[in-house]
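K.L.:
The structure that follows is given in the form of structure tokens.
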Amino acid sequence: MSKRHNSHLPLGEALNEFIKENKLQKGMDKVDAREAWTRLMGNGVNNYTSAVELKNDTLFVSLSSSVLREELSLGKSKIIAMINEELGKELVKKLVLR
Numbered sequence: 012m013s014k015r016h017n018s019h020l021p022l023g024e025a026l027n028e029f030i031k032e033n034k035l036q037k038g039m040d041k042v043d044a045r046e047a048w049t050r051l052m053g054n055g056v057n058n059y060t061s062a063v064e065l066k067n068d069t070l071f072v073s074l075s076s077s078v079l080r081e082e083l084s085l086g087k088s089k090i091i092a093m094i095n096e097e098l099g100k101e102l103v104k105k106l107v108l109r
């Protein structure tokens with residue numbers, strides 16, 4: 012753990028520093044990507060979503076409906092753009108629907 016600073020830090024900055032020092036950003040990105048999918052897709056899609064997992068720069072989404080999988084596959088590039096915009100960084104480069 013790092014040395015304690017005597018100056019006062021806002022909580023957000025302290026948490027960001029903690030994440031950076033402990034190399035937790037990849038794990039935070041996985042959680043953020045999962046939450047972005049849930050927020051952006053809404054209840055209709057989330058009811059058929061069984062798993063969302065970020066591995067490197069690829070987002071894997073497991074869907075229980077083959078019809079929905081086919082519909083979403085037509086707009087993969089738009090979904091990727093929406094998720095990256097929601098996250099505020101270019102995190103997802105590829106989307107795999109399974």
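Heads up, the numbering used here is the position in the sequence shown plus 11, with the first residue counted as 1.
Virtual Cβ for every residue (Gly too), placed ideally from N, Cα, C.
Tell whether a beta-carbon distance below 8 Å holds between residue 106 and residue 40.
P.N.:
If you number the sequence shown from 1, residue 106 lands on position 95. If you number the sequence shown from 1, residue 40 lands on position 29. Contact flag unset, no.
K.L.:
So the alpha helix (DSSP H) residue 81 belongs to, where does it begin and stop?
P.N.:
Residue numbering aside, residue 81 sits at position 70 when the sequence shown is read from its first letter. Where residue 81 is concerned, the enclosing alpha helix (DSSP H) stretches over 77-84.
K.L.:
Label residue 60 either buried or exposed according to how many other C-beta atoms from any shown protein chain fall within 10 Å of its C-beta, with 16 as the threshold for buried.
P.N.:
If you number the sequence shown from 1, residue 60 lands on position 49. Label assigned to residue 60: buried.
K.L.:
Classify residue 66 as helix, strand or coil using the three-state DSSP reduction.
P.N.:
By 1-based counting over the sequence shown, the position of residue 66 is 55. Residue 66 falls in the strand class under three-state DSSP.
K.L.:
Does residue 56 come out as helix, strand or coil in the three-state DSSP assignment?
P.N.:
Against the sequence shown, residue 56 aligns to sequence position 45. DSSP places residue 56 in helix when its eight states are reduced to three.
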